[in-house]
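Every letter in the sequence shown is one number past the one before it in the working numbering, and letter 127, counting from 1, is 142.
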Amino acid sequence: MIRHLMNGAALAAGNMLGIVLGFYAFALFRNPNQQQVQIPVAVIASVVVFLGWTWFANTRGHGRLGFHGRRDAALAYVLALPLAAAVFVPLHFLVRGYLTGPGNLVAGGLFQVLANLAVVGIAVTVAGQRAADPTIVPHS
Numbered sequence: 016m017i018r019h020l021m022n023g024a025a026l027a028a029g030n031m032l033g034i035v036l037g038f039y040a041f042a043l044f045r046n047p048n049q050q051q052v053q054i055p056v057a058v059i060a061s062v063v064v065f066l067g068w069t070w071f072a073n074t075r076g077h078g079r080l081g082f083h084g085r086r087d088a089a090l091a092y093v094l095a096l097p098l099a100a101a102v103f104v105p106l107h108f109l110v111r112g113y114l115t116g117p118g119n120l121v122a123g124g125l126f127q128v129l130a131n132l133a134v135v136g137i138a139v140t141v142a143g144q145r146a147a148d149p150t151i152v153p154h155s
């Protein structure tokens with residue numbers, strides 16, 4: 016269960032980092048449409064963070080944390096949503112000084128529901144390719 020929570024937390028962390036980076040990109044480029052800038056940046060950051068996590072979790076010595084296929088992907092997808100909300104609300108309060116509105120939670124949840132299909136799908140594809148890579152066995 017810890018492995019699944021860690022995978023879900025990594026996915027949620029990638030989502031939250033991506034949303035923040037997307038907001039900063041929106042502010043930097045001053046595009047009148049926030050979603051045109053923020054969503055692509057957030058999706059790319061989510062993919063990069065989660066692929067980084069799956070690579071780390073699947074390296075030698077971290078095998079128990081490993082991301083092992085579709086079941087882990089489904090559990091990470093499901094667990095990321097409540098974990099992100101549970102972290103976002105107090106974090107928003109600490110940074111901004113007030114509780115976030117329900118609109119932010121709904122927007123974040125919608126982003127996660129849609130974007131994480133791609134993020135988790137890419138991670139499963141990459142993990143499957145890694146598992147299919149030929150193993151080099153040294154000759155004695």
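Cβ atoms here follow ideal geometry from the backbone N, Cα and C, with glycine treated the same way.
In the structure shown, residue 45 falls within a coil segment according to DSSP collapsed to helix, strand and coil.
Taking the C-beta atoms as reference points, residue 65 is found nearer than 8 Å to residue 29. Annotated as proximal: residue 34 and residue 126, with beta-carbon spacing under 8 Å. For residue 108, the uninterrupted alpha helix (DSSP H) segment begins and ends at 85–111.
Residue 114 carries a coil assignment under DSSP once its states are collapsed to helix, strand and coil.
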